[in-house]
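Data first, discussion second: the structure below is written as structure tokens.
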Amino acid sequence: MASNPRVSVVIPTYRRPELLQRAVRSVLAQTFSSLEVVIVDDNGSGRPQQTRTQRLLTETFDDPRIRYIINHGEGGGSGARNTGIHHATAPYIAFLDDDEDWEPEKLEMQVALLDSAAPDVGVIDAGFLDHKADGRIRTVRPKMQGWILERLLRKTGGRAPKLSTLLCRREVFDTVGAFDTSLPAREDYDLYIRIARHFRFESVMKPLANKRSDAEQRITGDINNFIEGFEGVYRKIIPDLRTRPKTHATYLLKHAEILALGGQREAARQKYLQAFRLWWFNPRLFPYGLRILRKP
141 MASNPRVSVV IPTYRRPELL QRAVRSVLAQ TFSSLEVVIV DDNGSGRPQQ
191 TRTQRLLTET FDDPRIRYII NHGEGGGSGA RNTGIHHATA PYIAFLDDDE
241 DWEPEKLEMQ VALLDSAAPD VGVIDAGFLD HKADGRIRTV RPKMQGWILE
291 RLLRKTGGRA PKLSTLLCRR EVFDTVGAFD TSLPAREDYD LYIRIARHFR
341 FESVMKPLAN KRSDAEQRIT GDINNFIEGF EGVYRKIIPD LRTRPKTHAT
391 YLLKHAEILA LGGQREAARQ KYLQAFRLWW FNPRLFPYGL RILRKP
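Set out below in structure tokens:
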């Protein structure tokens with residue numbers, strides 16, 4: 141274990157030991173070395189995938205900064221990340237998905253910015269490179285900085301923060317709590333909203349992470365889980381939305397679109413009508429209506 145690391149890097153992993161190795165290598169190759177790598181194995185103790193993951197890590201890496209933890213709880217990726225937060229020892233915490241990786245200067249640049257930031261800055265974001273399956277690479281830069289709660293709630297354009305690009309103060313989690321394991325999806329969005337009520341976000345505009353859309357084993361979200369996550373977050377932010385009718389209307393349109401994609405047409409129409417009543421002059425009503433109200 142590293143002695144008094146300044147950054148704890150939490151990597152949850154599940155059934156992807158080969159991809160995990162790439163992620164870990166990118167952390168160990170950081171130009172900023174005062175770190176620990178907290179790998180949380182969510183495969184379940186003694187199962188073949190857990191045994192294989194532990195063996196590959198042992199055979200591939202010999203670095204005292206790596207800590208390997210088997211997650212005995214529940215809660216999917218959120219539960220694994222919470223386990224990582226619990227075991228992290230550093231004042232700064234970063235997250236990395238096991239199928240993504242970082243550019244070498246990622247932590248160095250973010251730590252420098254967070255070290256010099258005011259105490260109300262709780263998070264440093266960064267850009268990333270989106271590697272498409274057809275070989276194209278898209279550069280995605282941060283769009284939300286400062287007090288971003290309003291922009292998160294309406295989220296009608298611009299990229300929201302992304303877990304694998306963030307560096308957070310530990311005080312953030314002491315203040316707002318960790319990931320909500322009751323949400324099957326959108327748990328990261330829920331966390332950003334809770335953070336944004338108390339802390340500012342700042343960014344390094346340079347792309348410092350790699351989203352590997354070409355990874356064959358990349359897990360895509362289940363639409364029913366996404367619908368349930370959308371509804372769960374909606375219940376939590378209703379107090380915020382009730383004082384912002386236009387933002388509320390826009391959120392309902394997005395909610396309706398997700399319901400329509402999941403085949404829940406009548407529920408989608410009801411959300412659409414609710415959005416219409418809240419803000420009948422919303423310019424997004426027509427384009428969303430074409431997608432939501434058309435017959436399947």
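Residues in the sequence shown are numbered consecutively from 141, following my numbering.
Note that CB positions come from ideal geometry on N, CA and C, so glycine has one too.
Within 9 Å, strictly: CB atoms of residue i and residue j
i: residue 353; j: residue 273; result: yes
i: residue 170; j: residue 248; result: yes
i: residue 212; j: residue 185; result: yes
i: residue 234; j: residue 150; result: yes
i: residue 236; j: residue 342; result: no
i: residue 174; j: residue 204; result: no
i: residue 148; j: residue 229; result: yes
i: residue 387; j: residue 290; result: yes
i: residue 263; j: residue 294; result: no
i: residue 430; j: residue 389; result: no
i: residue 190; j: residue 210; result: yes
i: residue 432; j: residue 412; result: yes
Option nearest residue i by Cα separation, candidates the options
i: residue 351; options: 420, 331, 269; result: 269
i: residue 157; options: 196, 260, 325, 310; result: 196
i: residue 325; options: 347, 317, 366; result: 366
i: residue 400; options: 363, 374, 229; result: 363
i: residue 337; options: 260, 295, 282; result: 260
i: residue 104; options: 252, 316, 289, 349; result: Nothing can be reported for residue 104, as the shown portion of the chain is limited to 141 through 436.
i: residue 414; options: 385, 291, 245; result: 385
i: residue 238; options: 403, 372, 167; result: 167
i: residue 373; options: 292, 188, 418, 231; result: 292
i: residue 231; options: 311, 376, 375, 329; result: 311
i: residue 283; options: 410, 265, 376; result: 265
i: residue 172; options: 143, 410, 402, 244; result: 244
i: residue 404; options: 246, 420, 434, 315; result: 434
i: residue 124; options: 188, 409, 408, 323; result: In the structure as shown, the chain begins at 141 and stops at 436. Residue 124 is therefore absent and cannot be evaluated.
i: residue 288; options: 183, 329, 188, 371; result: 329
i: residue 163; options: 246, 187, 188; result: 246
For residue j and residue i, believed in contact at Cβ under 8 Å, the rounded distance
i: residue 267; j: residue 340; result: With a Cβ gap of about 18 Å, residue 267 and residue 340 do not count as contacting.
i: residue 177; j: residue 207; result: 7 Å
i: residue 161; j: residue 198; result: So it is not a contact: roughly 12 Å between Cβ atoms.
i: residue 221; j: residue 319; result: 5 Å
i: residue 250; j: residue 307; result: 4 Å
Cβ neighbour criterion (16 or more within 10 Å) applied to residue i
i: residue 345; result: exposed
i: residue 258; result: exposed
i: residue 242; result: buried
i: residue 378; result: exposed
i: residue 153; result: buried
i: residue 165; result: exposed
i: residue 406; result: exposed
i: residue 159; result: buried
i: residue 359; result: Note that residue 359 has pLDDT 42, beneath the 50 cutoff, so the model's placement of it is unreliable and no number is given.
i: residue 334; result: buried
i: residue 347; result: buried
i: residue 277; result: exposed
i: residue 369; result: buried
i: residue 381; result: buried
i: residue 193; result: buried
i: residue 202; result: exposed
i: residue 357; result: Confidence at residue 357 is low in this model, with a pLDDT of 46, below 50, so the placement of that residue is unreliable and no value is reported for it.
i: residue 143; result: exposed
Query raised in the report: Would you say the stretch 417-434 touches the stretch 383-402, given that touching needs at least three Cβ pairs under 8 Å?
Result: With the cut-off at 8 Å, the stretch 417-434 and the stretch 383-402 touch.
Report task. Count the CB pairs spanning the stretch 200-214 and the stretch 302-316 that are closer than 8 Å, and state whether there are at least three. Result -> At 8 Å Cβ cutoff, the stretches do not touch.
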